[in-house]
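Q: Same order as they appear, the protein sequences are chains A and B. Under my numbering, think of the first position of the first sequence as 18, with each following residue one higher. Under my numbering, think of the first position of the second sequence as 13, with each following residue one higher. Beta carbons are placed, not taken as given, at the ideal position from N, Cα and C, and that holds for glycine.
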Amino acid sequence: MKDVEIAVDRLTIGYGSFVLLNELQFDVHRGDVFVIMGGSGSGKSTLLRHLMGLDEPMGGDIRHRGLSLTHGTAEERRLISRRFGVLFQSGALWSGMTLEENVMLPIVELAGLPNEDAVTLARMKLALVGLKGFEHLYPSELSGGMQKRAALARAIALDPELLFLDEPSAGLDPPTTRHIDELILELRESLGVTIVVVTHEVASILRIGTNGILIDAATRTVIGRGNPRDLRSGSGDARVREFLGGEGAS
Amino acid sequence: MEPTLAIHRESDGTLRLVVAGAWRLHGKVPASAPALRALVERAPARVVFDAAGLAAWDGSLLALAERVGAACAARGIPVDRSALPAGALRLLEHAERPAERPAPSPVPRAGLFARIGAATLAAAASIYDSLVFIGDLARALGRWVTGRAHLRREDLLVQIQMCGAQSLGIVTLVSFLVGTILAFAGAIELRVFGADIYVADLVGVALVRELAALMTAFVVAGRTGAAFAAELGSMSVSQELDALVTLGISPTELLVAPRVLALTLMMPLLTIYADVVGVVGGGIVGVSMLGLSPELYAGQTLKAVTAVHLWGGLGKAAVYGLLVAAAGCRHGLRSGKSAAAVGKAATQAVVSGIVQVIAACGIFAVIFFELGW
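#1: Is the number of C-beta pairs between the stretch 268-281 of chain B and the stretch 333-340 of chain B that are closer than 8 Å three or more?
#2: Using alpha carbons as the reference points, say which of Thr132(B), Arg109(B), Val204(B), Gly71(B) lies closest to Arg171(A).
#3: Counting along the chain, where does the beta strand (DSSP E) carrying Phe196(B) start and finish?
#4: Using Cβ-Cβ distances below 9 Å, what residues of the stretch 56-88 of chain B are close to chain A?
#5: Could you tell me the distance, in whole angstroms, from the CA atom of Leu96(A) to the CA atom of Leu248(A)?
#6: In whole angstroms, what separates the C-alpha of Pro306(B) from that of Gly206(B)?
#7: Taking Glu158(A) as the reference, which of Gly262(A), Leu110(A), Thr90(A) has the closest Cα?
#8: Take every Cβ of the stretch 340-357 of chain B, pair it with every Cβ of the stretch 238-257 of chain B, and state whether three or more of those distances are shorter than 8 Å.
#9: Note down, in chain order, all residues in the stretch 134-159 of chain B with a beta-carbon under 9 Å from any beta-carbon belonging to chain A.
#10: Roughly how many angstroms lie between the CA atoms of Ala224(B) and Val291(B), to the nearest whole one?
#11: So with Cβ pairs under 8 Å, would you call Arg93(B) a contact of chain A?
#12: Mind checking Glu105(B): buried by the 16 CB within 10 Å criterion, or exposed?
#13: Taking contact to mean at least 3 C-beta pairs separated by less than 8 Å, is the stretch 89-101 of chain B in contact with the stretch 162-176 of chain A?
#14: Assuming Gly245(B) and Val144(B) are in contact, meaning their beta carbons sit under 8 Å apart, how far apart are those beta carbons, in whole angstroms?
#15: Kindly indicate the opening and closing residues of the alpha helix (DSSP H) around His321(B).
#16: So with CB distances below 9 Å, who are the chain A contacts of Gly348(B)?
#17: Taking only the alpha-carbon atoms, compute the straight-line gap between Asp233(A) and Pro110(B) and give it to the nearest angstrom.
#18: Pull up the distance between the alpha-carbon of Gly374(B) and that of Cys175(B), whole angstroms please.
#19: Any residues in the stretch 32-51 of chain B with a beta carbon nearer than 8 Å to a beta carbon of chain A? Which ones, in chain order?
#20: Just to confirm, are Gly65(B) and Ala98(B) a CB contact at a threshold of 8 Å?
#21: By the three-class DSSP mapping on this structure, what secondary structure does Ile89(B) have?
#22: Buried or exposed: Trp385(B), going by 16 or more other Cβ atoms within 10 Å of its Cβ?
#23: Quick check: what's the CA-CA separation for Thr132(B) versus Ser34(A)?
#24: CB Gly191(B) to CB Val289(B), shorter than 8 Å?
#25: So with CB distances below 9 Å, who are the chain A contacts of Arg121(B)?
#26: Measuring CB atoms only, is the stretch 22-30 of chain A touching the stretch 78-90 of chain A, in the sense that at least three cross pairs come out at less than 8 Å?
#27: Measuring only the C-alpha atoms, how far is Lys19(A) from Gly344(B)?
#28: Report yes or no: do the stretch 255-266 of chain B and the stretch 307-320 of chain B share at least 3 C-beta pairs separated by less than 8 Å?
#29: Can you list, in chain order, the residues of the stretch 144-155 of chain A whose Cβ is nearer than 9 Å to any Cβ on chain B?
#30: Is it true that the CB of Phe61(B) sits closer than 8 Å to the CB of Ala77(B)?
#31: Write down the C-beta distance between Asp134(A) and Ala75(B) rounded to the nearest angstrom, noting that I regard them as a contact closer than 8 Å.
#32: Select from Ala235(A), Gly226(A), Val213(A), Arg246(A) the residue whose C-alpha is nearest the C-alpha of Arg66(A).
#33: Below 8 Å on the Cβ atoms is my contact criterion, and I expect Thr276(B) with Leu334(B) to pass it. Report the Cβ-Cβ distance as a whole number of Å.
#34: Counting only beta-carbon separations shorter than 8 Å, does Ala351(B) have a partner in chain A?
#35: Helix, strand or coil: how does DSSP classify Met69(A) here?
#36: If contacts are defined as beta-carbon pairs under 8 Å, then Ser62(A) and Asp198(A) qualify, I think. What distance do you get, rounded to the angstrom?
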């Protein structure tokens, strides 16, 4: 059994008094590509924000390698978040900086590399996402898909142990989506990165997912868990099979 | 385990780069500069990486391999990276794939004349754009007057509340202080001539005729003009304006007209309020510091301030409101598509609003002088 990277224990999340997801219980294991699946509005991105400690849950606990993100001190939370790389749904690139500067910033601020090596590394990260030669451009000069890729380059700038990806393939064409999926698998293979992905792109889910949960907006809880390929063919719940386009899906 | 980089020059001309320990970005890793210097000082026959002692690695090792690889490629020196971990080799290969489409080349810096020309064209475009905006706004207001505009009454009321009632606090503070400052400044000179009572004339006329409207316009430019620009700029970033255009609804009618109307209507009311608060501020100085009675001060103020002063001041206030609102909305509508562009639009709205108000104040001064008001 692989080590537990994130343990989610009876997690309840919502807004005000509205409960969005109730008493979630699951583990993300080290080296997993863990996919959070669900329809639009089911609370996938909100759950991801909670896993990153950006929002406070209504109840329950989230532990990263045993340290509580929910009840930990500010310093503990900061130490936990230093291990993250995050790709936000909108990209969230800093608009006043070029792509190279966007990727350079975390390297210069947090890594112990000399400046010239930091530049090389930033360019390499951009090359990894297919943006070689675009370093001098500003985010506003790029298409939405290219912004997403640049944001992924920033997310992997420091080779994080844990990578959170919110809709990495939204707005990308199929070849680019495949390219990004290959890169995700390569990062997992080469560096042992644990990856938590929010997506509803079934092709991508089946290509990269090694484990995951399917959340249901109606019941506000998890209705399927496990390897997405296994769930597609073997889940006892027709809603899960339907979501993943497996046998018996309408 | 401390990361190390050892450089060995072997008898057959090989430069061996021995990497060992844990190469982690969050730790202190050796710089690639010594390896590059070794390449430059005496070109080796080939470069070989040795990673037998490597305990852990990440992007810091890739940066070294990439820099050395690029330097060798530029000098035609063969590199053997096969001893590096398989994952590192795959990532290097991934990064070295050509981009699927060519990247645009950086735009070369233009010459002096080209830059002057570009600036002139940009200024001309800005003037043209302002004229288009004024035309759009006039048309929208005309359609509102004739009841044909897409203008929501709720939006107008919300804007009236924001421009009017919610500005009272800051207008109170500023106009009260301006009234007291004027009274103090006037008292110093007027006391010399034993003409303390004329402090009431100075404060009353200066505020009602010029300063109340001007100071209120400055406050409103900083508060409301900037808010208009930021709000419309954010809507531009999130494509809300595009959504209106594609529905065939003019953003000028739906968004700009209520803001301009609200501020144009509220500025005279705020100015009347500022007149009163400023005169009270001056009166407090006159009564408490100069020993004037409140009745005397009030009577002298009413004698000095004429209807022409009052209506002139209110007319100016309405124009200032129009100018500040139009500047805020124009810069917001024309904002770029980034967070920085929204900030820039807000700044431009404030600066341009204040400059236009001062220019209009100067024009009014000349007109009023010529008319003998």
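A: The answer reads as follows:
#1: The stretch 268-281 of chain B makes contact with the stretch 333-340 of chain B; the number of CB pairs closer than 8 Å reaches 3 or more.
#2: As a working note, residue 171(A) is residue 154 in the first sequence. Per the Cα distances, Gly71(B).
#3: On the second sequence, residue 196(B) is found 184 positions in, with the first residue counted as 1. Membership of Phe196(B) in any beta strand (DSSP E) is not indicated; the residue belongs instead to the alpha helix (DSSP H) covering 180-204.
#4: Taking 9 Å as the Cβ-Cβ cut-off against chain A, the residues of the stretch 56-88 of chain B that qualify are Trp69, Asp70, Gly71, Ser72, Leu74, Ala75, Leu76, Glu78, Arg79, Ala82.
#5: Translated into positions along the first sequence, residue 96(A) becomes position 79. Translated into positions along the first sequence, residue 248(A) becomes position 231. C-alpha separation (whole angstroms): 35 Å.
#6: Here residue 306(B) refers to the residue found at position 294 of the second sequence. Here residue 206(B) refers to the residue found at position 194 of the second sequence. Distance between Pro306(B) and Gly206(B), taken at the CA atoms: about 18 Å.
#7: Locating residue 158(A) in the first sequence gives position 141, where the first residue counts as 1. Minimum Cα distance to Glu158(A) is reached at Leu110(A).
#8: The stretch 340-357 of chain B, when compared against the stretch 238-257 of chain B, does touch it at the 8 Å Cβ threshold.
#9: So nothing in the stretch comes that close.
#10: For this step, residue 224(B) is matched to residue 212 along the second sequence. For this step, residue 291(B) is matched to residue 279 along the second sequence. Put simply, the backbone Cα of Ala224(B) is about 10 Å away from that of Val291(B).
#11: Taking the second sequence and counting its residues from 1, the one referred to as residue 93(B) is at position 81. Not flagged as an interface residue toward chain A: Arg93(B), since no C-beta distance is shorter than 8 Å.
#12: Within the second sequence, numbered from 1, the residue matching residue 105(B) stands at position 93. Exposed, by the Cβ-count rule.
#13: The answer is no - the stretch 162-176 of chain A does not touch the stretch 89-101 of chain B, with fewer than three Cβ pairs under 8 Å.
#14: Position 233 of the second sequence, counted from the first residue, corresponds to residue 245(B). Position 132 of the second sequence, counted from the first residue, corresponds to residue 144(B). Not really, about 18 Å apart at Cβ, beyond 8 Å.
#15: Indexing the second sequence from 1 puts residue 321(B) at position 309. Counting along the chain, the alpha helix (DSSP H) containing His321(B) begins and ends at 319-345.
#16: The count along the second sequence starts at 1 and reaches residue 348(B) at position 336. For Gly348(B), the neighbours in chain A by C-beta distance under 9 Å run, in chain order, Ser112, Ser157.
#17: Reading the first sequence from its first residue, position 216 is the one you call residue 233(A). Reading the second sequence from its first residue, position 98 is the one you call residue 110(B). Answer to the nearest angstrom: the Cα atoms are 42 Å apart.
#18: The count along the second sequence starts at 1 and reaches residue 374(B) at position 362. The count along the second sequence starts at 1 and reaches residue 175(B) at position 163. Going by the C-alpha atoms only, they are around 25 Å apart.
#19: If the cut-off is 8 Å between Cβ atoms, the stretch 32-51 of chain B has Leu37, His38, Gly39, Lys40, Val41, Ala43, Ser44, Ala45 near chain A.
#20: Walking along the second sequence from the start, residue 65(B) turns up at place 53. Walking along the second sequence from the start, residue 98(B) turns up at place 86. No, they are not a contact pair.
#21: Taking the first residue of the second sequence as position 1, residue 89(B) is located at position 77. In the three-state scheme derived from DSSP, where H, G and I count as helix and E and B as strand, Ile89(B) is classed as coil.
#22: Locating residue 385(B) in the second sequence gives position 373, counting from the first residue. Under this definition Trp385(B) is an exposed residue.
#23: If you number the second sequence from 1, residue 132(B) lands on position 120. If you number the first sequence from 1, residue 34(A) lands on position 17. Between Thr132(B) and Ser34(A), the alpha-carbon positions lie close to 58 Å from each other.
#24: Stepping through the second sequence from its first residue, residue 191(B) is reached at position 179. Stepping through the second sequence from its first residue, residue 289(B) is reached at position 277. Between Gly191(B) and Val289(B), the CB-CB gap stays under 8 Å.
#25: What you label residue 121(B) is simply residue 109 of the second sequence in a count that begins at 1. Near Arg121(B) there are no residues of chain A at all, since even the closest Cβ is about 13 Å away, more than 9 Å.
#26: Segments in contact, yes.
#27: For the purposes of this step, residue 19(A) is identified with residue 2 of the first sequence, where counting begins at 1. For the purposes of this step, residue 344(B) is identified with residue 332 of the second sequence, where counting begins at 1. Each residue's alpha carbon lies about 53 Å from the other.
#28: These segments do not touch.
#29: Listed in sequence order: Ala144, Leu145, Gly147, Leu148, Lys149, Gly150, Phe151, Glu152, His153, Leu154, Tyr155.
#30: Counted from its first residue, the second sequence places residue 77(B) at position 65. Counted from its first residue, the second sequence places residue 61(B) at position 49. Yes, these two residues count as a Cβ contact at 8 Å.
#31: Residue mapping note: residue 134(A) aligns to position 117 of the first sequence, counting from 1. Residue mapping note: residue 75(B) aligns to position 63 of the second sequence, counting from 1. Yes, they are in contact, since the Cβ atoms of Asp134(A) and Ala75(B) sit about 4 Å apart, within 8 Å.
#32: Your numbering for residue 66(A) matches position 49 in the first sequence. That would be Val213(A), whose Cα lies nearest to the Cα of Arg66(A).
#33: Start at 1 with the first residue of the second sequence, and residue 276(B) comes out as number 264. Start at 1 with the first residue of the second sequence, and residue 334(B) comes out as number 322. Contact between Thr276(B) and Leu334(B) holds, since their C-beta atoms are separated by about 5 Å, short of 8 Å.
#34: The residue given as residue 351(B) occupies position 339 in the second sequence. In terms of beta-carbon proximity, Ala351(B) lines the interface with chain A, with at least one pair separated by less than 8 Å.
#35: Within the first sequence, the letter at position 52 stands for residue 69(A). Looking at Met69(A) - three-state DSSP - the assignment turns out to be coil, as it is neither helix nor strand.
#36: The sequence position of residue 62(A) within the first sequence is 45, counting from 1. The sequence position of residue 198(A) within the first sequence is 181, counting from 1. Beta-carbon to beta-carbon, Ser62(A) and Asp198(A) are separated by about 19 Å, too far to satisfy the 8 Å threshold.
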